[in-house]
Amino acid sequence: MWLASDGNYREYRWFITWTQVKRVVDFTLPEIIRSVNGQEKTKLGDALIATQDCCIGIEMCEELFVPQSAHIGMSLDGAEIIVNGSGSHHELRKLDRRISLVKEATMKVRKRKEDFSSILTTRGFTLC
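Here the sequence shown is numbered in full-length UniProt numbering, starting from 1 and rising by one per residue.
Here it is as structure tokens:
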């Protein structure tokens, strides 16, 4: 996994990279959350979400822009839909670059790729 560290983003100030590949751990929730919903723990880590109908992978914004993108491994592990919650700051021609990266990712893995502001399938491209 990658953390954004360019432009407006400096996640290394507050976070560290998750290094436990394909591993999920139990995370004890803070008391304020436990008091609201009664839930003690949640899962945290690197995993796919499997439903009865499909398998979903989630990659973070910056992971689309790096050489070893998470969607490649997710696709090889069976993800049929990959979501990228991109929250990019404005940068001239960045949308063109994102569109190109989403198209390339879809062509590489032949899977449905969801982007925060765009949807790309093997049937065509739609900008939301």
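We put the CB at the ideal spot given by N, CA and C, even for glycine.
So, with DSSP's three-state summary, where would you put D77?
Taking the first residue of the sequence shown as position 1, residue 77 is located at position 77. Assigned with DSSP and collapsed to three states, D77 falls in coil, not helix or strand.
Are there 16 or more other CB atoms within 10 angstroms of the CB of I82, so buried, or fewer, so exposed?
One-based indexing of the sequence shown puts residue 82 at position 82. Burial call: buried.
Using the C-alpha atoms, what's the distance from S5 back to W14?
As a position in the sequence shown, residue 14 is number 14, starting the count at 1. As a position in the sequence shown, residue 5 is number 5, starting the count at 1. Approximately 11 Å, taken between the alpha carbons.
Looking at the secondary structure, which residues open and close the beta strand (DSSP E) in which T42 lies?
Start at 1 with the first residue of the sequence shown, and residue 42 comes out as number 42. Residues K41 to G45.
Can you tell me whether V66 is buried or exposed, with buried defined as 16 or more other CB within 10 angstroms of its CB?
The residue given as residue 66 occupies position 66 in the sequence shown. Burial call: exposed.
Give me, in chain order, the residues of the same chain whose beta-carbon lies closer than 8 Å to that of Q39; leave out the 5 immediate sequence neighbours on both sides.
Position 39 of the sequence shown, counted from the first residue, corresponds to residue 39. Here the set comprises L29 and I33.
By a C-beta neighbour count over all protein chains shown, 10 Å radius and 16 as the cutoff for buried, is R10 buried or exposed?
Locating residue 10 in the sequence shown gives position 10, where the first residue counts as 1. Exposed, since its Cβ has fewer than 16 Cβ neighbours within 10 Å.
Grouping DSSP H, G and I as helix and E and B as strand, with all else coil, what is V21?
To locate residue 21, count along the sequence shown from 1; it is residue 21. Here V21 sits in coil by DSSP.
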